[in-house]
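S.K.:
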Amino acid sequence: MRDQPAAPLVSVSGLQKSYGALKVLKGIDLTMKPGERLVVIGPSGGGKSTLLRVMMGLETINGGSVTLAGKPYIRAGATPARTVIDIAVRRSIGMVFQHYTLFPHLNVMQNLILAPCKVRGENKVKASERAAALLTRFGLGEKLTAYPSQLSGGQKQRVAIARALMLDPRLMLFDEVTSALDPELVGEVEQVILQLAKQDMPMMIVTHDMWFAKNIASRVLFCAGGVIVEDGPPEQVLGSPKEERTRDFIDRVFHIRQ
Amino acid sequence: MDSLDFTAVLRFRDALLQGLLTTLELTLICIVLGCAIGFAVGLARTSTNLPLRNLSSVYVEFFRGTPVLIQLFWIFFCLPLLLGIELSNFASGVIALTLYMGAITSETFRASLKSIGREQFDACVALGLPRWAQITSVVLPQALLRAIPTLLSNCVSLFKESALVSAVGMADLMFIGSNISNNTARPVEVLTVVALIYFVIAFPLTRAVTVIERRILQKLAV
Ligand SMILES: Nc1ncnc2c1ncn2[C@@H]1O[C@H](COP(=O)(O)OP(=O)(O)OP(=O)(O)O)[C@@H](O)[C@H]1O
Ligand SMILES: [Mg+2]
């Protein structure tokens, strides 16, 4: 019922976020349809991570709201501390961070089944079976009992993605998940995300990798100075941007990559 | 000075063994009780409740900032006056060293709690873990793991500091050692042997700290 095709999956309206006197998000409006893959690009400090962190419910906000499948799950209150966050709705969003956030004292399998068992009371055996299947699909079938410290950066990020998927999220957020990796490990992580894209997983991706952006995006946002400067299909925003600021940024990034 | 003669020490080996057992018993009791207090106080010191935080700070700073010997005398002589009850030597020793151990291990636990990065909490939220699961499955195990090497050093210090209880007449290894040394007029031999006994127990533990620390850090490095 709530999944009528026309209804937006996410809508962000009038979102404002400050750290003290510093305004980081200055009124963001954004809607995302089911199955869309938004890539967010933009200069450092532009507020990309903050936008994702707010959507994940990790930050208080100063104004506006965020809605998932018709349910406003983040709403500004009278003060930032009074931000209302609906925890049940927030659980249907998954996030992967730039710095590996695996639990170091748990092995790969335990990392994956912790949340399903604790959050949904899922049976351990069932959860382990799902975890093993997922890990095998991501080329980690040999690593079930390894500890995070025994994995390469690329393997850690693939485990982190699998861990988030264990909760069957309706939206995945990726914040520069390959930025901390050695160049030769970037590909294996991007492949896993491309796999998810093939299955129409809705996602929002912050990346500085223009090749990846081109290949995965169904839509690209250029975010700078706390606002969305340009929003359109990848061919437009990456290929022939309308806005001067976008053009400067794209020129600079592609220049560096040559 | 005449030549060294260790036969006197040998004659008293049973007494020395008895003293060692008392020392070990006292140390173990104070380690268990002290760590429990230390963890609670470590949590209290990171709490958002200001009176609780202040109270726990006063306790910790007092016991860290005064000589253990004075704490011991204070509990031995003043506590019975305040409470109006007689305390055995052993009981005063246990109370004094437990409070001391509680104070130093609370610092250990506080540091280990603080060393858990913000990303770990972000990950908990992103996974929707309920608060209690965050504490029991993520925070507590990591805090304990990180604390283990320093806790071991704390235990070794306590083991050595426990020799002070001989000053209030408790028959521990130190007390028996100095009695034997007085009675046999062989202080060099007796005290050397007593020092060696302390060393033989403390040294492997201090070495173990280095190894265990390396293992744990390797495991927790992400
Ligand atoms: N916890 C915080 N406290 C104070 N200021 C913060 C905090 N987090 C971010 N900021 C500031 O908010 C601004 C936006 O940061 P954000 O991390 O969202 O940028 P970004 O677009 O992700 O940049 P990058 O490409 O470098 O990751 C920056 O000026 C940053 O210094
Ligand atoms: Mg960022």
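These protein sequence lines map, in sequence, to chains A and B. What the first sequence shows, in this note's numbering, is residues 16 to 273, in sequence order. What the second sequence shows, in this note's numbering, is residues 490 to 711, in sequence order. By construction, the Cβ of each residue, glycine as well, lies at the ideal position given by its N, Cα and C atoms.
1) State yes or no: is the C-beta of Val-657(B) within less than 8 Å of the C-beta of Gly-582(B)?
2) May I ask whether a heavy atom of ligand 1 can be found less than 7 Å away from the beta carbon of Glu-245(A)?
3) Touch check for the segment 501-519 of chain B and the segment 659-675 of chain B: three-plus C-beta pairs under 8 Å?
4) To be precise: take each residue of the segment 115-148 of chain A, compare its Cβ to all Cβ atoms of chain B, and keep it if any distance is under 7 Å. Which residues remain?
5) Compare the C-alpha of Ala-636(B) against each of Ile-559(B), Arg-675(B), Lys-603(B) and name the closest.
6) Give a yes or no on whether the minimum CB-CB distance between Pro-619(B) and chain A is below 8 Å.
7) Under a three-way DSSP split, which group does Gly-254(A) fall into?
8) Give the residues of chain A in contact with Val-654(B), contact being defined as C-beta atoms less than 7 Å apart.
9) How about Gly-109(A): is its C-beta nearer than 8 Å to some C-beta of chain B?
10) In terms of alpha-carbon separation, which member of Pro-163(A), Tyr-115(A), Gly-241(A), Pro-58(A) lies closest to Tyr-276(A)?
11) Would you mind reading off the limits of the beta strand (DSSP E) that contains Lys-603(B)?
12) Between Ile-701(B) and chain A, is the shortest Cβ-Cβ distance under 8 Å, so that the two count as touching?
13) Excluding the five sequence neighbours on either side, which residues of its own chain have a C-beta within less than 7 Å of the C-beta of Met-216(A), listed in chain order?
14) Residue range of the beta strand (DSSP E) that Tyr-687(B) falls in?
15) Residues of chain B with CB closer than 7 Å to the CB of Gly-72(A), please, in chain order.
16) Where Arg-272(A) and Leu-694(B) are concerned, what is the direct C-alpha to C-alpha distance, given to the nearest angstrom?
17) Compute every distance between the C-beta of Glu-608(B) and the non-hydrogen atoms of ligand 2, then say whether any falls below 7 Å.
18) For ligand 1, which residues have a Cβ under 5 Å from at least one heavy atom, in chain order?
19) Report the three-state DSSP secondary structure of Lys-32(A) (helix, strand or coil).
20) Cβ atoms of Leu-83(A) and Val-25(A): under 8 Å apart, would you say?
21) Hey, out of Ile-665(B), Leu-633(B), Val-679(B), whose CA is closest to Ser-786(B)'s CA?
22) Between Lys-133(A) and Leu-618(B), how many whole angstroms is the CB-CB distance? I'm expecting something under 8 Å.
23) Find the nearest neighbour of His-120(A) within the set Thr-587(B), Thr-625(B), Thr-673(B), judged by alpha-carbon distance.
24) Mind reading off the beta-carbon distance from Val-557(B) to Glu-702(B)? Whole number of angstroms is fine, and I expect it under 8 Å.
25) What did DSSP end up calling Arg-90(A) once you bin it into helix, strand or coil?
26) Is the CB-CB distance between Leu-67(A) and Asp-263(A) below 8 Å?
27) What residues from chain B crowd round Phe-112(A), counting only those whose CB sits closer than 9 Å?
28) Specify, as a first and last residue, the run of the alpha helix (DSSP H) that Gly-554(B) falls within.
29) With a threshold of 8 Å between beta carbons, is Gln-273(A) in contact with chain B?
30) With a cut-off of 8 Å, does the C-beta of Leu-211(A) fall near any C-beta of chain B?
31) Kindly list the residues whose CB is nearer than 7 Å to the CB of Ala-161(A), restricted to its own chain and excluding five residues on each side of it in sequence; keep chain order.
32) Rank Ala-232(A), Pro-256(A), Glu-245(A), Arg-267(A) by C-alpha distance to the C-alpha of Leu-53(A) and give the top, closest one.
33) Can you find a heavy atom of ligand 2 that lies under 7 Å from the Cβ of Asp-190(A)?
34) Measuring only the C-alpha atoms, how far is Leu-539(B) from Ala-533(B)?
35) For chain B, find out if any of its Cβ atoms is closer than 8 Å to the Cβ of Tyr-162(A); answer yes or no.
M.R.: Quick look at the numbers:
1) yes
2) no
3) yes
4) Tyr-115, Thr-116, Leu-117, Phe-118, Pro-119, His-120, Leu-129, Ala-130, Lys-133, Val-134
5) Lys-603(B)
6) yes
7) helix
8) Those do not exist, as Val-654(B) stays about 37 Å from chain A at its closest Cβ, beyond 7 Å.
9) yes
10) Given a span of 16 to 273 for chain A in the structure shown, any question on residue 276(A) remains unanswerable.
11) It is not in any beta strand (DSSP E) - Lys-603(B) instead sits in the alpha helix (DSSP H) that spans 578-603.
12) no
13) Met-187
14) First-last for Tyr-687(B): 676-709, but that is the alpha helix (DSSP H), not the beta strand (DSSP E).
15) Val-614
16) Low local confidence applies: a pLDDT of 46 at Arg-272(A) is under 50, so the model's placement there is unreliable, with the coordinate-based value given in what follows. About 54 Å.
17) no
18) Tyr-34(A), Val-39(A), Ser-59(A), Gly-60(A), Gly-61(A), Gly-62(A), Lys-63(A), Ser-64(A), Thr-65(A)
19) strand
20) yes
21) The question about residue 786(B) has no answer here: the residues shown for chain B are numbered 490 through 711.
22) 6 Å
23) Thr-625(B)
24) The Cβ separation is near 25 Å, so there is no contact.
25) strand
26) no
27) Glu-608, Asp-611, Ala-612, Ala-615
28) 539-554
29) Its pLDDT being 42, under 50, Gln-273(A) is placed unreliably by the model, and nothing is read from it.
30) no
31) Asn-122, Val-123
32) Ala-232(A)
33) yes
34) 9 Å
35) yes
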